[in-house]
Amino acid sequence: MQIPPDIPAAFTVLCLAGCVNRRANIQPKARDTSWIVVPNLWGAAIAPPGYLKSPAMQVCIRPLETIEADWRAKFEDELEAWEFEREKAELKLAAWRESFKRAEKRHAPGPERPDGPPEEPTMRRLIVCDPTFEKLH
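Quick note on numbering: this note's numbering labels position 55 of the sequence shown as 57, and the sequence is numbered without any gaps.
Following this line, the structure appears as structure tokens:
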């Protein structure tokens, strides 16, 4: 592409900053661990139309899309396993309720309540468009 090198360089730095995300912290005072700052990098590409901003951005984002595709496949497997475990937990809970009702009628101690369903998996993301803070965290 015949574009100034600063445009893809800026996109690359922004993509890397997005990958680091909230894992990098700055502690301004050496001995004060209560003050921690999470750096945030914002950027914008401002150039005339036809300056090939979008193709340059797409090239820089492509590795992140590959990583996200792997994460998405893993998430789908985890979600399928979670749905199976959730259904199993619901069946155990229904059986426990019946056993508990029978025990109550006989004035006997009821069986121990089974564990609830496992926590639903969350999908990891590198690329987001117009998110809210609540949705991201």
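Idealized CB from N, CA, C, for every residue including glycine.
query: Assign LYS137 to buried or exposed, taking buried as 16 or more other Cβ atoms, counted over all protein chains shown, within 10 Å of its Cβ.; result: exposed
query: Please classify CYS21 as buried or exposed, where buried requires at least 16 other C-beta atoms within 10 Å of its C-beta.; result: exposed
query: Keeping to the same chain, check which residues put their C-beta closer than 8 Å to that of PRO113; ignore five residues upstream and five downstream.; result: TRP98, SER101, PHE102, ALA105
query: Quick check: what's the CA-CA separation for LYS107 versus ALA96?; result: 17 Å
query: With a 10 Å radius around its C-beta and 16 neighbouring C-beta atoms as the bar for buried, classify ILE48 as buried or exposed.; result: exposed
query: Are the beta-carbon atoms belonging to VAL40 and ARG64 less than 9 Å from one another?; result: no
query: How should ILE38 be labelled, buried or exposed, when 16 other C-beta atoms within 10 angstroms of its C-beta is the threshold for buried?; result: exposed
query: Hey, which unbroken runs of the beta strand (DSSP E) at 3 residues or more fall wholly within the segment 14-78?; result: none
query: Output yes or no for whether 9 Å exceeds the beta carbon distance between ARG88 and PRO119.; result: yes
query: What is the residue span of the alpha helix (DSSP H) that LEU128 lies within?; result: No alpha helix (DSSP H) holds LEU128; DSSP gives it neither H nor E.
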